[in-house]
Each structure stands twice: as structure tokens, then as C-alpha cells.
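>
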Amino acid sequence: MKGIPITASVLLFCSLSVNVCYGQRHNKIYEATFDSSLKAHVLIDKASFTKYVLDTARVYITAVDSSGRQLWKTHPREANKLEPYRTSKPIIWRFYFDNFSPDDYISKKEKRKKLKNGTLDKGREVIWIVYNNSQLGFVDKRTGEFTLLFQL
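When we follow UniProt numbering, the leftmost residue of the sequence shown carries the number 1, and every step to the right adds one.
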């Protein structure tokens, strides 16, 4: 073999290119951009035909029944007097229906015991919301009451 061995040439290339790194050109740890032309987001309960409207500012949720009458309107963060966390005015980033049961958060052994006794809470459908500051919780579809579960 003539010239420089391959391992030596790889080492030479790596040592010369240490100062030429294009991986991260800024010092921000977290950055997210959101579409500034957000539209109202609507969820429709197929059983009751109630509409749950997330406004364009993505802070208020309004429940409207099938006849157009407003059932409730809530600003989950203000209603719960939540302190600013990571951002001064967080917005609702995700908004969707799913089930919630307190029994989802117990051990498998305890869950089997409750299932055997017939006392397992199968849960109810709620509106899950995730804020852009990593707080997560749900809104009760009947009352509009917000429950914060956790923040990362």
C-alpha cells in the first residue's frame, strides 16, 4: 500500500474538521414556532352533538349544544389560577377527546383486584389539552372544569 493508510487519513480528516461544525449554529436549547394564522378548532361529541370550540387565540374553550346555546366557556389556566410556567402566555397546542380514569394510574395488581370486585372505574370521555409550555390536563365535558395532571 502506498501513501497514508486509511485510518491515518480518517484521523487527519477528523482532526482538521474539528472547528468546522454546522450541527448547531445557535445557543438555544428549545425553540418552537407556531402558525400565526391559527383558526378556531372544533370538536363534536357524536352522542350529544355538542360542539367544543377552541378559539383562535387558543386559550378559551366554549361548549355549544346542538341548538346553538352556550353551555359553558372556560379559560383553563385562569380558572385554576396557574402561575406562569416557561412562558408568560401559553396556548393550547393539542385539543382532543379521550378517556380518563383514575384507575389508569394504579398498579396492575390493584387493577386486577378492582376488576375482580367489579369496582374498576372505566372512566369517562374528557377533552385532553396540552399547552405549548408542556403542561397537560383535561377539561370535563359536562362542567368545563380543568384538571392539571402534570408539567414537564
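Using N, Cα and C, we set each Cβ at its ideal position, and we do this for glycine too.
1. Which of the three DSSP states, helix, strand or coil, is assigned to Leu115?
2. Kindly list the residues whose CB is nearer than 8 Å to the CB of Arg25, restricted to its own chain and excluding five residues on each side of it in sequence; keep chain order.
3. How would you write the range of the alpha helix (DSSP H) that Arg77 sits in, first residue to last?
4. Any idea what DSSP makes of Asp98, helix, strand or coil?
5. Within a Cβ cutoff of 6 Å, which residues of the same chain sit near Asp98, ignoring the five residues on either side of it in sequence?
6. Does any heavy atom of the ligand ATP sit closer than 6 Å to the C-beta of Asp104?
7. Rounded to a whole number of angstroms, what is the C-alpha to C-alpha distance between Gln135 and Lys116?
Answer, in terms of the structure:
1. By one-based count along the sequence shown, residue 115 stands at place 115. In this structure, Leu115 counts as helix in the three-state DSSP scheme.
2. Start at 1 with the first residue of the sequence shown, and residue 25 comes out as number 25. Reliability fails at Arg25, whose pLDDT of 49 lies under 50, so the model's placement of it is uncertain and the value that follows must be treated cautiously. Correct list: empty, nothing qualifies.
3. Numbered from 1 along the sequence shown, position 77 holds the residue referred to as residue 77. Element bounds for Arg77: 76-79.
4. Residue numbering aside, residue 98 sits at position 98 when the sequence shown is read from its first letter. Looking at Asp98 - three-state DSSP - the assignment turns out to be strand.
5. In the sequence shown, the residue the question calls residue 98 occupies position 98. Excluding sequence neighbours, Asp98 sits near Trp128.
6. Among the components modelled here there is no ligand, and therefore nothing to report on the ligand ATP.
7. Taking the sequence shown and counting its residues from 1, one reaches residue 135 at position 135. Taking the sequence shown and counting its residues from 1, one reaches residue 116 at position 116. Straight-line Cα distance between these residues: approximately 35 Å.
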